[in-house]
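Enquirer: Numbered per mature numbering (1 follows the signal peptide of the UniProt record, and there is no 0), the sequence shown spans residues -23 to -1, 1 to 317. The structure that follows is given in the form of structure tokens.
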Amino acid sequence: MPPSLKHLSICLLLLLTPDISVAEQSLAIGKGERLLVLAPHPDDESLSAAGLIQQVLQNGGTVRSSVVTAGDAYVGAVMLDSGKRNPSTADYLDFGEKRLEESRRAAQLLGNGFIHLDLLGFSDGSIYSALISHWRRNQPMRSEYTGFDHVPYREAEDRGLAQDGQDLLNELVAILRDTKPTIIAFPDVMENDSDHAGLGMFTLLAVHQWLLETPTPHPQPKLLAYLIHWQHGWPTGSNWGIAQDWSDQPLVLPADLPLRGHSRACVNLSPAQIDLKRAALAEYKTQQRIMGDFLSAFVRSSECFTLLKPNDGNRIEQVLAQLRQVRKTFDNHPLSRRKI
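Right under this line is the structure:
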């Protein structure tokens, strides 16, 4: 984990409640839930919540999936896709277009046309950077891979939008206003990936702002923090080099992931739901070629989340302000886009 993310995680641990061991529970999904899934890259929505998405739809609910970046800076995958040792900016842009299309196909499979899909089209690696050092519109983050400081993709919802923190936050708040979700699934701020951890922070900021402007009684959405990137080869099989079938085993969150005073909840998937999750992930051919073992490790009999509380975002703005003041002590560019 880059030093900056370690500092960020420490601040969050100090802000949130001390650890209290709480057993995992079964996640209750009511009738007519409004689920919002926030994903940093194409495939994260399926890895984390393909089963949850199916169960909400089957219970008469609605699903909106918002994918923030195009995942266009996975260097090894772009090299493999383009057949070049030194891909050009055009190769990275072409790769991003392919990943966005993969998200469309996966959403069609999972929801049969009933998933509201947002492809925002930000550059891979831009989320954390926008959070910490490119907050204002007059200083957007320019991708070293695509060369753009704004959303370049033709069919992206946010084409032309500057890649800065304030605009991304505004976009997320607008999505919350429009969706009025009863369940929000988003990356855990403890994720061992800069874009994932950054989107976790952005989500808490956006939820805090949305609740502040909402008349009382405030909504009380379930906040489900999912984990995709961790350490020590979690989940089992994710770094074995060959895809295996783990569908008869549950997903168990790592023992060294701090609880931070929260509880954990899981949804159990039926064989049909597991098969559809596997089929959705098979649509991500650019990822299957280079990390099929990783994707298959999430096709399990359950999906598990850390349950956060709506007021967990109350003081995060203060933490971010402090982090921006001392960011010069962090790495100038803490992002390594080798594993997305």
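Glycine is no exception: its CB is placed at the ideal position from the N, C-alpha and C atoms. As the structure is a computational prediction, the values presented were derived from the model and not from experiment.
Rounded to whole angstroms, what is the Cα-Cα separation between L15 and S43?
Expert: Translated into positions along the sequence shown, residue 15 becomes position 38. Translated into positions along the sequence shown, residue 43 becomes position 66. Cα to Cα, L15 sits roughly 5 Å from S43.
Enquirer: So who's on the other strand from H93, going by DSSP bridges?
Expert: Walking along the sequence shown from the start, residue 93 turns up at place 116. According to DSSP, H93 bridges with R41.
Enquirer: What alpha helix (DSSP H) runs, 4 residues minimum, are completely inside the segment 5 to 72?
Expert: The segment 5 to 72 contains these whole alpha helix (DSSP H) runs: 21 to 35, 52 to 59.
Enquirer: Applying the criterion that 16 or more other CB atoms from any shown protein chain within 10 Å of the CB defines a buried residue, is I219 buried or exposed?
Expert: Numbered from its first residue, the sequence shown carries residue 219 at position 242. Exposed, because fewer than 16 other Cβ atoms sit within 10 Å of the Cβ of I219.
Enquirer: For E280 and L12, which I take to be in contact (beta-carbon distance under 8 Å), what is that distance rounded to the nearest angstrom?
Expert: For the purposes of this step, residue 280 is taken as the residue at position 303 of the sequence shown. For the purposes of this step, residue 12 is taken as the residue at position 35 of the sequence shown. Their Cβ separation, rounded to whole angstroms, is 12 Å, which puts E280 and L12 out of contact at 8 Å.
Enquirer: Start and end of the beta strand (DSSP E) containing N115?
Expert: As a position in the sequence shown, residue 115 is number 138, starting the count at 1. N115 -> no beta strand (DSSP E), and no H or E assigned at all.
Enquirer: Per DSSP, Y203 forms a beta bridge with which residues?
Expert: Sequence index remark: in the sequence shown, residue 203 carries index 226 (1-based). P164.
Enquirer: How many angstroms separate the CA atom of H127 from the CA atom of Q226?
Expert: For the purposes of this step, residue 127 is identified with residue 150 of the sequence shown, where counting begins at 1. For the purposes of this step, residue 226 is identified with residue 249 of the sequence shown, where counting begins at 1. C-alpha separation (whole angstroms): 42 Å.
Enquirer: How big is the Cα-Cα spacing for V(-2) and H239?
Expert: For the purposes of this step, residue -2 is identified with residue 22 of the sequence shown, where counting begins at 1. For the purposes of this step, residue 239 is identified with residue 262 of the sequence shown, where counting begins at 1. Here the model assigns V(-2) a pLDDT of 48, short of 50, so the residue's position is not dependable and the matter cannot be decided.
Enquirer: Would you please state the rounded distance, in angstroms, between the beta carbons of T263 and D58? I believe it to be under 8 Å.
Expert: Position 286 of the sequence shown, counted from the first residue, corresponds to residue 263. Position 81 of the sequence shown, counted from the first residue, corresponds to residue 58. About 6 Å separates the two Cβ atoms, so the contact holds.
Enquirer: Please classify F72: is it buried, with 16 or more other beta-carbons within 10 angstroms of its beta-carbon, or exposed?
Expert: For this step, residue 72 is matched to residue 95 along the sequence shown. F72 is buried by the Cβ-count criterion.
Enquirer: Here's the rule I'm using: 16 or more other beta-carbon atoms within 10 Å means buried, otherwise exposed. How should D156 be labelled?
Expert: As a position in the sequence shown, residue 156 is number 179, starting the count at 1. A small fix is needed here, since residue 156 is Thr in this sequence, not Asp. So T156 counts as buried.
Enquirer: Within the continuous beta strand (DSSP E) that includes F282, where are the two ends?
Expert: The residue you call residue 282 lines up with position 305 of the sequence shown. That run of the beta strand (DSSP E) goes 279 to 285.
Enquirer: By DSSP, does N147 sit in helix, in strand, or in coil?
Expert: Taking the sequence shown and counting its residues from 1, the one referred to as residue 147 is at position 170. Residue state, collapsed to three classes: helix.
Enquirer: Roughly how many whole angstroms lie between the Cα atoms of A50 and E134?
Expert: Numbered from 1 along the sequence shown, position 73 holds the residue referred to as residue 50. Numbered from 1 along the sequence shown, position 157 holds the residue referred to as residue 134. Answer to the nearest angstrom: the Cα atoms are 19 Å apart.
Enquirer: Assign I109 to buried or exposed, taking buried as 16 or more other Cβ atoms, counted over all protein chains shown, within 10 Å of its Cβ.
Expert: By one-based count along the sequence shown, residue 109 stands at place 132. When all chains shown are included, I109 counts as buried.
Enquirer: Is H111 closer than 8 Å to D141 when the C-beta atoms are compared?
Expert: Taking the first residue of the sequence shown as 1, we reach residue 141 at position 164. Taking the first residue of the sequence shown as 1, we reach residue 111 at position 134. Yes, the Cβ-Cβ distance between D141 and H111 is below 8 Å.
Enquirer: Would L188 pass as a contact of H195 if the rule is Cβ separation under 8 Å?
Expert: Here residue 188 refers to the residue found at position 211 when the sequence shown is read from its first residue. Here residue 195 refers to the residue found at position 218 when the sequence shown is read from its first residue. A contact, by the Cβ cut-off of 8 Å.
Enquirer: Looking only at C-alpha atoms, which of T123, L272, D289, A162 sits nearest to V52?
Expert: Here residue 52 refers to the residue found at position 75 when the sequence shown is read from its first residue. If we check each option's Cα against that of V52, T123 comes out closest.
Enquirer: Counting Cβ pairs, one atom from each stretch, are 3 or more of them under 8 Å apart for the segment 60 to 78 and the segment 247 to 259?
Expert: The segment 60 to 78 vs the segment 247 to 259: no contact.
Enquirer: Taking S80 as the reference, give the member of R277, E22, M167, S120 with the closest Cα.
Expert: To locate residue 80, count along the sequence shown from 1; it is residue 103. Checked all of R277, E22, M167, S120; the closest Cα to S80 is E22.
Enquirer: Using DSSP bridges, identify the partner residues of Q2.
Expert: By one-based count along the sequence shown, residue 2 stands at place 25. DSSP, once it has assigned bridges, lists A242 as partnering Q2.
Enquirer: So, under 8 Å CB-CB, Q186 and P287 are touching, yes? Tell me the CB distance rounded to an integer number of Å.
Expert: The residue you call residue 186 lines up with position 209 of the sequence shown. The residue you call residue 287 lines up with position 310 of the sequence shown. Contact doesn't hold; Cβ gap of about 12 Å is too wide.
Enquirer: For A242, tell me which candidate among L204, G88, E121 has the shortest Cα-Cα distance.
Expert: Here residue 242 refers to the residue found at position 265 when the sequence shown is read from its first residue. For A242, the nearest C-alpha among the options comes from L204.
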